[in-house]
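The structure appears below as structure tokens.
Residue numbers (the working numbering): 564 to 782.
And the structure:
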């Protein structure tokens, strides 16, 4: 953190230095123009003489008008230097941040409640998985030492994360379950309907048979 603050201070000092130089040069230009327009009236009588006087001043003092090539080049190099410095600083901060997160990674793999304000949590600390009891105080219950159990817990956790970030798969499962349920309901309805038709057919056959028997008895 101290190194980062140092880099930022150096960058700000460089930016302030070059901005001050540019501002001072701009003030010189403004004074030059102001002096030209505030000349006495007796110097502005002859236009040709005033033009010659201005051109003579510009020729004798070329550094007072405009920006020289060296100043322009210096501003370009200063801008490139500041941008490169900021880029290196950001890369350094990003690298340190990643290494810090990797060395101090703590993840909650899940847990379950055991009553009022009591639960058991699985916590991954670096390369270790700890079983922690949370209640009035926090207590380490167990550390997962079995490699197979360790890999299985990580696999279950990663599968749960994948399901959370892939809602399409969950929607597909719900759709398949709904279609399966509707299919079973349709199949049961078809079976019930067929059973009713069979019963009606049997009733008609019995009725025709009964009518035929009564007709023979009347004869």
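For each residue, glycine too, the CB sits at the ideal point set by N, CA and C.
Item: Count the C-beta pairs between the region 686–706 and the region 669–678 that are closer than 8 Å, then say yes if the count reaches three, no if not.; Value: yes
Item: Between residue 720 and residue 673, how many whole angstroms is the CB-CB distance? I'm expecting something under 8 Å.; Value: 7 Å
Item: Starting from the Cα of residue 698, find the closest Cα among 711, 680 and 691 and give me that residue.; Value: 680
Item: Do residue 716 and residue 692 come within 8 Å of each other at the CB atom, strictly closer than that value?; Value: yes
Item: What are the uninterrupted segments assigned as beta strand (DSSP E) that are 3 or more residues long and contained completely in the region 642–714, given in chain order?; Value: 669–678, 681–688, 691–697 and 701–706
Item: Cα separation between residue 701 and residue 695?; Value: 7 Å
Item: May I have the straight-line CA-CA distance separating residue 703 from residue 683, to the nearest angstrom?; Value: 10 Å
Item: Using the Cα positions of residue 641 and residue 655, report the straight-line distance between them to the nearest angstrom.; Value: 21 Å
Item: Any idea what DSSP makes of residue 630, helix, strand or coil?; Value: coil
Item: Using a Cβ-Cβ distance cut-off of 8 Å, determine whether residue 677 contacts chain B.; Value: The question asks about chain B, but that chain is absent: this structure has only one protein chain.
Item: Where residue 718 and residue 709 are concerned, what is the direct C-alpha to C-alpha distance, given to the nearest angstrom?; Value: 14 Å
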